Amino acid sequence: MSEFLGRYVDHQMTSPFAMAQHSAKIKPIANDLARRGVLLVASCLRVEVYGQEHALRNIDSTIFSGFSAERIEGAPTIIKRLAEIASGARSQVLGDNYISDQLAKAIELLDQSLPIFQMVRLAIDIGRASRERQRFIASLNYYHIVRDIIAHRFPNGELPDRLYLIGADRPICELIRTGLGERFRSTTIVTRNPKNLRKRLRAWPDIDVALTRPAEIGHAREPRSIVVIAWADVNDEYQAILQRALLRLEPRTIIDMASKPLLSKAEFVKLNYVTVHDKEFLLAFEGNNKKLAPKLPILLSDIDETLRAAQTYLSAKAP
Numbered sequence: 001m002s003e004f005l006g007r008y009v010d011h012q013m014t015s016p017f018a019m020a021q022h023s024a025k026i027k028p029i030a031n032d033l034a035r036r037g038v039l040l041v042a043s044c045l046r047v048e049v050y051g052q053e054h055a056l057r058n059i060d061s062t063i064f065s066g067f068s069a070e071r072i073e074g075a076p077t078i079i080k081r082l083a084e085i086a087s088g089a090r091s092q093v094l095g096d097n098y099i100s101d102q103l104a105k106a107i108e109l110l111d112q113s114l115p116i117f118q119m120v121r122l123a124i125d126i127g128r129a130s131r132e133r134q135r136f137i138a139s140l141n142y143y144h145i146v147r148d149i150i151a152h153r154f155p156n157g158e159l160p161d162r163l164y165l166i167g168a169d170r171p172i173c174e175l176i177r178t179g180l181g182e183r184f185r186s187t188t189i190v191t192r193n194p195k196n197l198r199k200r201l202r203a204w205p206d207i208d209v210a211l212t213r214p215a216e217i218g219h220a221r222e223p224r225s226i227v228v229i230a231w232a233d234v235n236d237e238y239q240a241i242l243q244r245a246l247l248r249l250e251p252r253t254i255i256d257m258a259s260k261p262l263l264s265k266a267e268f269v270k271l272n273y274v275t276v277h278d279k280e281f282l283l284a285f286e287g288n289n290k291k292l293a294p295k296l297p298i299l300l301s302d303i304d305e306t307l308r309a310a311q312t313y314l315s316a317k318a319p
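All residue numbers for the sequence shown refer to my numbering, where the first residue is 1 and numbers rise by one.
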């Protein structure tokens, strides 16, 4: 049996929505797996584990509960798959601009002396280099999609009211810097703790917005307002508070950019709730993939050639 093993399930083996939900459940055990020498790759579109055979032997079977996971063996095969992932070749959005950074962050939990750490580091470097050489880079910008959706909701020059933003600091700041709020009367960030957020926003002195708690919105309906959820990671209690506030607010549209939607479609059936799993986002993904699809075989060939060259070099250096 091969010394190195991998098991994985991704969005090509099930729906992206199901994958995002499952990945969110598995992410909390990453530290425990890392202590045992096992790498967990739990992004919005995949759950994958890699390590030496003895380390993977006794991992929790619930990691792949309800899914038929694939198994791969051997360092070269594992490096190849991870290089392809790092290049954006195996993403729902071809040329994904963020996946290699997610892989790099995942290995931060591992002991750097472990062979699996070195293997993944090599895979990331190969994937990134091939991606740059072949210009396999997504043209798609999530923020542009959001702007298009908002424009579609206000045709014929109708003026929107207020833009509400919910989520992590950096995505919110990036949204504001795209000029997303220029059409709106005002922009408000919804947060549990305005005081703490105000301190964190000092790092971005050009950001000038109002801050409010969820309980302070929705006292009146705002049918010409828009809510954008920018990759929020919240607990169940805060999620319930937000849900009640937004149901009171009744905005024109809620745009959820999280791979695991924050809100319940069933609860928001009477409102226009758009997620990345809905048609407007999927059509944009499709347009990007059509542009990059002709480059995909060339990219994969580049990765294969680089791996062969690396193996030849390492073999020549071996005593």
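In this text, a Cβ means the ideal position worked out from N, Cα and C, and glycines have one as well.
Since this is a predicted model, take the numbers as computed values, not measurements.
- A straight line joining the alpha-carbon of residue 22 with that of residue 47 spans about 8 Å.
- Secondary structure note for residue 163: its beta strand (DSSP E) is the uninterrupted segment 162–167.
- By the criterion of a C-beta distance shorter than 7 Å, residue 162 is surrounded in its chain by 184, 185, 186, 188, 222 and 225, once the five residues flanking it on both sides are discounted.
- Residue 50 counts as buried, since at least 16 other C-beta atoms from the protein chains shown sit within 10 angstroms of its C-beta.
- Pairwise C-beta distances place the segment 66–79 out of contact with the segment 24–37, as fewer than three of them are shorter than 8 Å.
- Under the 10 Å beta carbon count, residue 11 is surrounded by 16 or more other beta carbons and is classified as buried.
- When Cβ pairs closer than 8 Å are counted between the two stretches, the segment 205–214 is seen not to touch the segment 230–237, the count staying below three.
- In this structure residue 83 touches residue 126 by the C-beta definition: roughly 4 Å separates them, less than 8 Å.
- For residue 254, the uninterrupted beta strand (DSSP E) run begins and ends at 253–256, by DSSP.
- According to the DSSP assignment, residue 4 belongs to the beta strand (DSSP E) that extends over 4–10.
- A direct Cα-Cα distance of roughly 15 Å separates residue 166 from residue 259.
- Counted as a single uninterrupted DSSP element, the alpha helix (DSSP H) harbouring residue 81 occupies residues 75–87.
- For residue 280, the enclosing alpha helix (DSSP H) has its first and last residue at 279–292.
- At the C-beta level, residue 171 and residue 231 come within 8 Å of one another.
- For residue 177, the closest of 144, 70 and 149 by C-alpha to C-alpha distance is 144.
- Inside the segment 104–159, DSSP marks whole alpha helix (DSSP H) runs of 4 or more residues at positions 115–133 and 142–153, from first to last along the chain.
- Fewer than three pairs of CB atoms, one per stretch, sit closer than 8 Å, so the segment 57–73 makes no contact with the segment 91–110.
- In this model, residue 311 and residue 41 are separated by some 24 Å (Cα to Cα).
- The three-state reading of DSSP puts residue 220 in coil, since its state is none of H, G, I, E or B.
- In this structure, DSSP gives residue 48 an extended state, which the three-state scheme calls strand.
- Counting other Cβ atoms within 10 Å of its Cβ, residue 134 reaches 16 or more and is therefore classed as buried.
- Residue 19 and residue 39 do not touch by the CB rule: their CB atoms are close to 18 Å apart, not below 8 Å.
- From the listed residues 28, 105 and 86, the smallest Cα separation to residue 62 is found for 28.
- Taking the Cα positions, residue 247 is about 30 Å away from residue 26.
- Rounded to whole angstroms, residue 104 and residue 256 show a C-alpha spacing of 26 Å.
- In the DSSP assignment, residue 69 falls outside any beta strand (DSSP E), carrying neither H nor E.
- Annotation: the continuous beta strand (DSSP E) that includes residue 230 extends over 226–230.
- Residue state for residue 18 is assigned as helix, using DSSP reduced to three classes.
- Taken through DSSP and simplified to helix, strand or coil, residue 207 comes out as coil.
- Taking 8 Å as the cut-off, the beta carbon of residue 43 is found closer than this to the beta carbon of residue 102.
- The Cβ neighbour count for residue 98, taken over all protein chains shown within 10 Å, is under 16; the residue is labelled exposed.
- The residues 134, in chain order, have a CB closer than 8 Å to that of residue 298 in the same chain once the five nearest residues on each side in sequence are set aside.
- Look at residue 273 here: in three-state DSSP terms it is strand.
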